[in-house]
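Q:
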Amino acid sequence: MYRIAIVFFILLYSSAFSVIKIQRVMSDLKDFNNLVDGKYNTVAFGKKGENTIILQLGTVRYIKEIKTFLAERAKIKKISIFTSDNFINWGIILERANISESAISFEFKNTSALFIKIVIDSESEIKIREIECYEAAAPINKIFNIRVENITEDSATIKWDTAIKTEDFFIYSKKVKGSKMTIFEMDYKDKHSITLKNLLRGTDYVFNIISQSPDGTKIESKTMEFRTKGIPLPDIWELRALNITPFTARIYYRSNVPTKYEVHLGESEKSLKKIIEETKLSEEKEFDISGLNPENSYFYKLVVSDKFGNVAMTPPLEFKTPPYNIALGKKVIGTFSYVDEDIKKRGYGQTGVERVVDGSLNYFTGMAISYNADNADQYVVIDLEKAEPVKRIDVYWWALSYSRDYRIELSENGVDWITVKDHIDAEQGSEISSPGGDFLVFQSTPVNKTGRLIKLFVKAGSKRGARTKKWQPRPNLYLCEIAVIKESK
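My numbering numbers the first residue of the sequence shown as 625 and each following residue consecutively.
1. Do D1007 and K1073 have their C-beta atoms within less than 7 Å of each other?
2. Which whole-angstrom value is the C-beta distance of N1100 and Y995, which I expect to be below 8 Å?
3. In chain order, what residues of the same chain have a beta carbon less than 8 Å from the beta carbon of R697, not counting five sequence neighbours either side?
4. Could you spell out where the alpha helix (DSSP H) holding D966 opens and where it closes?
5. Please report the distance separating the alpha-carbon of L636 from that of K821.
6. So which of R771, I899 and G983 has the shortest CA-CA distance to R851?
7. Hey, S835 and N765 are a contact pair by Cβ (cut 8 Å); roughly how many whole angstroms apart?
8. Three-state secondary structure (DSSP) at L636?
9. What did DSSP end up calling A668 once you bin it into helix, strand or coil?
10. Report back the beta-carbon spacing between K688 and W714 to the nearest angstrom; my notes put them in contact at under 8 Å.
11. Do S879 and E910 count as a contact pair if the criterion is CB distance below 7 Å?
12. In three-state terms, what does DSSP make of F932?
13. Check whether the segment 1051-1061 touches the segment 973-982, counting contact only when three or more Cβ pairs, one atom from each stretch, lie closer than 8 Å.
14. Given 8 Å as the limit, is there contact between the segment 940-956 and the segment 1084-1104, that is, 3 or more CB pairs closer than that?
15. What's the C-alpha gap between S984 and G1060?
16. Using DSSP with H/G/I as helix, E/B as strand and the rest coil, what is L653?
17. Since G953 and V1005 should fall inside the 8 Å C-beta cutoff, what is the C-beta to C-beta distance between them, to a whole number of angstroms?
18. Could you name each continuous beta strand (DSSP E) segment of 3 residues or more that falls completely within the segment 761-798, going from the start of the chain to the end?
19. Contact defined as beta carbons within less than 8 Å: I believe D778 pairs with R825. What is the distance between those atoms, to the nearest angstrom?
20. Using C-beta distances below 6 Å, list every residue in its chain close to I1042, excluding the 5 sequence neighbours before and after it, in chain order.
21. Relative to the alpha-carbon of T776, which residue among D828, D811 and A787 has its alpha-carbon at the smallest distance?
22. So, helix, strand or coil for W1095, using DSSP?
23. Using 10 angstroms around the beta-carbon of G1085, count the other beta-carbons present and answer buried if the total reaches 16, otherwise exposed.
24. Looking at C-alpha atoms only, which residue of L1080, L905 and V1065 is the closest neighbour of D1046?
25. Is V1108 near I950, with beta carbons less than 7 Å apart?
26. Can you tell me whether N658 is helix, strand or coil according to DSSP?
27. Leaving aside the five residues before and after V980 along the sequence, list all residues of the same chain whose C-beta is less than 7 Å from its C-beta, in chain order.
28. Which whole-angstrom value is the C-beta distance of F1066 and D1018, which I expect to be below 8 Å?
29. What whole-angstrom Cβ distance do S1068 and A1050 have, given they're in contact under 8 Å?
30. Just confirm the distance between the C-beta atoms of F1063 and R1088, as a whole number of angstroms; I'd bet it's less than 8 Å.
31. Could you check what DSSP says for Q1052 in three-state terms: helix, strand or coil?
32. Measure the CB-CB distance between L738 and D709 and report whether it falls below 7 Å.
33. Hey, quick one: how far does the beta strand (DSSP E) through G983 stretch, first residue to last?
34. Starting from G854, trace the beta strand (DSSP E) both ways and give me its first and last residue.
35. Which full runs of the beta strand (DSSP E) of 3+ residues lie inside the segment 677-727, going along the chain?
36. Going by the DSSP bridge assignment, what does L1080 pair with across the sheet?
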């Protein structure tokens, strides 16, 4: 009956705020885990003199009230309560002397903590049933008073305040062509400060702050910027290889200050040699590289210097030259000239056999469609205009309907034909994507012979395929491109 009365009294004394689940308790009391087990019929035993209890809350929480329930009245000289966000630095938030109650309550306002330390100085041994911490609603967070201070040529300090204690992410980069860097604060605080070092002089930087509340809620500041002091060093903002053909490429670069430049080129990173040098200062430049070989990898780097002699250079970058397709724009005839009115109505132009040599792998703007392949043979003949050494023939089919049994023929006069390969199954090739992300089937056939006329031939009724079973192969065949790759020495 006595135990029931005690529990009833404790329930009546409970707060309307939610109880914080204590993640860990540390104490010099005997059976100290009983302090936070949620049971009012267990006790922890304290000694005469000072008793220390440390509660870990798991994350920073706002505290409304702390209650201590004793098993019996005791004469307590003093209770002191401290808080900390890192277990190292403690601050006292309350102290009360000469306490004789069995249920002791302390209320707080705008108090937050990750750790709570309670020191009880008792005139006699004590028994504590339970300690409860009640959570207050956290204020709404906001980021304010952002400022940049102590800017030098290579450093700057950014400070900001938050409405509550938070763990914040600071994200910064060079304003132009900069990689984002993130600094994560390990402590909860409401006054924040970060010093950036090893910055580039005379350079614009941008930054923003993501503030994370103890409950995981995040808010983000607007993007702000600052410039370091001093004359900027040369910085290459942009470097690209453009208009790459089998034999040429165009290099484009942009820098932050006027520079002169050198271009180094090679077939490996270790074989780079200077091929171009320009002494006229400029911030932006395009220049051409010639004498390249088809289907080859090249490495290049740019070395720039400003009028003061300061130098910057890029790491070696790579580009690859495409195959030498000698069928581009050549005369072509054949049965792949079916006009799809629906495609035409959509404004993609008229489908036709000339699409197979237009260099486009796009479905609608680069596609040739055969007539009914069940009823008649289908073919394409490309005239290279003169006999050429042919290395291979690359065929690109639309994955909606492709041939699983076609052949490639070669002729120098249009009368005498030789079969390069028969019974070619496009499905045994590779599945690739068009520039628009559409599905294509690619099949490459080695030739290594000389010829002027190239023929792709599909016998009537031959087997057809589609990418998935739900795409039943249509009676028409869909051909995107035939690339005739020239043998290059």
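Ideal Cβ positions, reconstructed from N, Cα and C, are used throughout, including at glycine.
A: Once the coordinates are examined:
1. Locating residue 1007 in the sequence shown gives position 383, counting from the first residue. Locating residue 1073 in the sequence shown gives position 449, counting from the first residue. At the C-beta level, D1007 and K1073 stay beyond 7 Å of one another.
2. Counting from one through the sequence shown, the residue named residue 1100 turns up at place 476. Counting from one through the sequence shown, the residue named residue 995 turns up at place 371. 7 Å between Cβ atoms; contact.
3. What you label residue 697 is simply residue 73 of the sequence shown in a count that begins at 1. Excluding five sequence positions before and after R697, the CB atoms of its chain that fall closer than 8 Å to its own CB belong to S724, E725 and S726, given in chain order.
4. Walking along the sequence shown from the start, residue 966 turns up at place 342. Where D966 is concerned, the enclosing alpha helix (DSSP H) stretches over E965 to K969.
5. Within the sequence shown, the letter at position 12 stands for residue 636. Within the sequence shown, the letter at position 197 stands for residue 821. Note on L636: pLDDT 41, under 50, position unreliable in the model; no value is reported.
6. Here residue 851 is taken as the residue at index 227 of the sequence shown, counted from 1. Checked all of R771, I899 and G983; the closest Cα to R851 is R771.
7. Mapped onto the sequence shown, residue 835 falls at position 211. Mapped onto the sequence shown, residue 765 falls at position 141. Rounded, the Cβ-Cβ distance is 6 Å, consistent with contact.
8. Residue 636 sits at position 12 when you count from the first residue of the sequence shown. In this prediction, L636 has a pLDDT of 41, which is less than 50 and means its spatial position is unreliable; what the coordinates show is noted afterwards. DSSP, read as helix, strand or coil, puts L636 in helix.
9. Counting from one through the sequence shown, the residue named residue 668 turns up at place 44. Secondary structure at A668: strand, using DSSP grouped into helix, strand and coil.
10. On the sequence shown, residue 688 is found 64 positions in, with the first residue counted as 1. On the sequence shown, residue 714 is found 90 positions in, with the first residue counted as 1. So it is not a contact: roughly 20 Å between Cβ atoms.
11. If you number the sequence shown from 1, residue 910 lands on position 286. If you number the sequence shown from 1, residue 879 lands on position 255. At least 7 Å separates the beta-carbon of E910 from that of S879.
12. For the purposes of this step, residue 932 is taken as residue 308 along the sequence shown, with counting starting at 1. Coil at F932, not helix or strand.
13. Contact annotation: the segment 1051-1061 does not touch the segment 973-982, with fewer than three C-beta pairs closer than 8 Å.
14. Cβ pair count under 8 Å is below three, so no.
15. Locating residue 984 in the sequence shown gives position 360, where the first residue counts as 1. Locating residue 1060 in the sequence shown gives position 436, where the first residue counts as 1. Per the coordinates, the alpha-carbon of S984 lies some 11 Å from the alpha-carbon of G1060.
16. One-based indexing of the sequence shown puts residue 653 at position 29. In the three-state reduction of the DSSP assignment, L653 falls in the coil class, being assigned neither a helical nor a strand state.
17. As a first step, residue 953 must be located in the sequence shown, where it is residue number 329. As a first step, residue 1005 must be located in the sequence shown, where it is residue number 381. Contact flag wrong, Cβ pair sits at about 15 Å.
18. If we require 3 residues or more, the beta strand (DSSP E) runs fully inside the segment 761-798 come out as 767-773 and 780-798.
19. Working through the sequence shown from its first residue, we reach residue 778 at position 154. Working through the sequence shown from its first residue, we reach residue 825 at position 201. Indeed they touch by this definition, with Cβ atoms about 6 Å apart.
20. Position 418 of the sequence shown, counted from the first residue, corresponds to residue 1042. Counting only residues of its own chain and dropping the five nearest sequence neighbours on each side, I1042 has a CB closer than 6 Å to the CB of L1034.
21. Taking the first residue of the sequence shown as position 1, residue 776 is located at position 152. The residue with the shortest Cα to Cα distance from T776 is D828.
22. Within the sequence shown, residue 1095 is the residue found at index 471, counting from 1. Coil at W1095, not helix or strand.
23. What you label residue 1085 is simply residue 461 of the sequence shown in a count that begins at 1. With fewer than 16 other Cβ atoms from the protein chains shown falling within 10 Å of its own Cβ, G1085 counts as exposed.
24. Taking the first residue of the sequence shown as position 1, residue 1046 is located at position 422. Taking D1046 as reference, the option from L1080, L905 and V1065 with the minimal CA-CA separation is L1080.
25. Here residue 1108 refers to the residue found at position 484 of the sequence shown. Here residue 950 refers to the residue found at position 326 of the sequence shown. Contact: yes.
26. As a first step, residue 658 is located in the sequence shown; it is residue number 34 there, counting from the start. It is helical.
27. Start at 1 with the first residue of the sequence shown, and residue 980 comes out as number 356. Cβ within range, chain order: V956, F960, A992, V1004, L1103, E1105 and I1106.
28. For the purposes of this step, residue 1066 is taken as residue 442 along the sequence shown, with counting starting at 1. For the purposes of this step, residue 1018 is taken as residue 394 along the sequence shown, with counting starting at 1. Correct: roughly 7 Å between the Cβ atoms.
29. Within the sequence shown, the letter at position 444 stands for residue 1068. Within the sequence shown, the letter at position 426 stands for residue 1050. Taking C-beta atoms under 8 Å as the contact rule, S1068 and A1050 fail to qualify, at a distance of about 11 Å.
30. Indexing the sequence shown from 1 puts residue 1063 at position 439. Indexing the sequence shown from 1 puts residue 1088 at position 464. Actually they do not touch by this definition, with Cβ atoms about 15 Å apart.
31. Translated into positions along the sequence shown, residue 1052 becomes position 428. For Q1052, the secondary structure class from DSSP, reduced to helix, strand or coil, is helix.
32. Here residue 738 is taken as the residue at index 114 of the sequence shown, counted from 1. Here residue 709 is taken as the residue at index 85 of the sequence shown, counted from 1. Taking 7 Å as the Cβ cut-off, L738 and D709 qualify as a contacting pair.
33. Here residue 983 is taken as the residue at index 359 of the sequence shown, counted from 1. It is not in any beta strand (DSSP E) - G983 carries neither H nor E in the DSSP assignment.
34. Here residue 854 refers to the residue found at position 230 of the sequence shown. Neither: G854 is in no beta strand (DSSP E) and is coded neither H nor E.
35. Unbroken beta strand (DSSP E) stretches of 3 residues or longer found wholly inside the segment 677-727: 700-708 and 715-723, given in chain order.
36. Taking the sequence shown and counting its residues from 1, one reaches residue 1080 at position 456. Its beta-bridge partners are V1004 and I1032.
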